[in-house]
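Here is the structure we will look at.
Numbering (this note's numbering), first residue to last: 4 to 297.
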């Protein structure tokens, strides 16, 4: 199996895992404060990866020269994304957040062109436009409506997507020479710690009040969206161009909509079908397009 094929498999695992988080978060946020939900699940995932690394003999040692980069990528990839997106939803609907979050690949394409020389061809740009447009059409039909009063949320989402895209590009320019399990373990641990500290000081969790479904979903969040999916993301980053990786994330909201229909009985009709086909078609077109380098 080629490096590209392996990378695409990792990317698909990532998209499915992050997409599955959509209905899970909607349930958990009704039971727990937002930072507690992410912080505890993320650190639990990091602990499981650390245990697995020890069992299978995978080194978690980080050379001193790579530690500043590791800390920076952890802040941009995990802490900033989770924190900014969570606070943005205080002003935005989830549908509005998804539309704004889908701009990350657009920003990544521009940054990769400027920093890495990954010049996009017309096929990649067309695929990107088709996928982002399909997502916008889908969620615009679910009540997304932007106004001046939502400006703080819009700016926070813009910060989240820009920093996430920047982390993707920087990780390709100066990659970490660590095993994907080690990268995932450390980035989750370092990135989630500030969120957990915020929760300890400013949030209160009624653990005894959580029902069985909440505990199951909390375990799922730690194991799949914050565990397996991040492992897939870092594995894909080691094998694929930056723009290819971010294009794959456009499948996340569509998977989330399908998951919402299965788990939460949310509506699934012609708009969702068109968006699904449009997004898959756009991503497929963009992934087939090779980067043109100057």
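Even for Gly, the Cβ is constructed at its ideal location relative to N, Cα and C.
Please report the distance separating the alpha-carbon of residue i from that of residue j.
| i | j | result |
| --- | --- | --- |
| residue 302 | residue 210 | Only positions 4 to 297 of the chain appear in this structure, which leaves residue 302 out of reach. |
| residue 43 | residue 199 | 7 Å |
| residue 155 | residue 206 | 22 Å |
| residue 81 | residue 125 | 31 Å |
| residue 3 | residue 192 | For residue 3 there is no data in the structure shown, the boundaries of the chain being 4 and 297. |
| residue 285 | residue 277 | 12 Å |
| residue 90 | residue 166 | 15 Å |
| residue 11 | residue 253 | 14 Å |
| residue 122 | residue 214 | 50 Å |
| residue 246 | residue 175 | 10 Å |
| residue 171 | residue 109 | 12 Å |
| residue 31 | residue 233 | 20 Å |
| residue 118 | residue 279 | 32 Å |
| residue 181 | residue 244 | 18 Å |
| residue 295 | residue 79 | Its pLDDT being 43, under 50, residue 295 is placed unreliably in this model, and the coordinates cannot settle the point. |
| residue 69 | residue 177 | 10 Å |
Return the residue from the list the options that minimises the CA-CA distance to residue i.
| i | options | result |
| --- | --- | --- |
| residue 53 | 183, 238, 154 | 183 |
| residue 39 | 202, 255, 285 | 202 |
| residue 127 | 280, 258, 251 | 251 |
| residue 228 | 29, 6, 111, 45 | 45 |
| residue 223 | 6, 13, 41 | 41 |
| residue 255 | 243, 283, 246 | 283 |
| residue 302 | 248, 280, 265 | With the chain covering 4 to 297 only, the question about residue 302 has no answer from this structure. |
| residue 173 | 234, 72, 28, 139 | 72 |
| residue 47 | 188, 197, 59, 265 | 188 |
| residue 212 | 33, 112, 116 | 33 |
| residue 64 | 23, 179, 135, 265 | 179 |
| residue 265 | 5, 24, 4 | 24 |
| residue 257 | 58, 139, 92 | 139 |
| residue 161 | 92, 62, 262 | 92 |
Report the CB separation of residue i from residue j in whole angstroms; it is logged as a contact under 8 Å.
| i | j | result |
| --- | --- | --- |
| residue 168 | residue 133 | Not quite, the Cβ-Cβ distance comes to about 19 Å (not below 8 Å), so this is no contact. |
| residue 153 | residue 84 | With a Cβ gap of about 19 Å, residue 153 and residue 84 do not count as contacting. |
| residue 185 | residue 56 | 7 Å |
| residue 195 | residue 49 | 7 Å |
| residue 239 | residue 14 | 4 Å |
According to the Cβ coordinates, are residue i and residue j closer than 8 Å?
| i | j | result |
| --- | --- | --- |
| residue 259 | residue 67 | no |
| residue 298 | residue 164 | Here the chain has residues from 4 to 297 only, and residue 298 is not among them. |
| residue 237 | residue 159 | no |
| residue 9 | residue 242 | yes |
| residue 230 | residue 17 | no |
| residue 131 | residue 112 | yes |
| residue 281 | residue 137 | yes |
| residue 6 | residue 77 | no |
For residue i, is the beta carbon positioned less than 7 Å from some heavy atom of the ligand ZN?
| i | result |
| --- | --- |
| residue 61 | By its list of ligands, the structure shown contains no ligand whatsoever, and the ligand ZN lies outside what it can speak to. |
*asked:* Which runs of the alpha helix (DSSP H) at least 4 residues long sit entirely within the segment 53 to 124? Give them in chain order.
replied: You should have 70 to 77, 83 to 91, 97 to 104, 107 to 114.
*What are the uninterrupted segments assigned as beta strand (DSSP E) that are 3 or more residues long and contained completely in the segment 178 to 212, given in chain order?*
none
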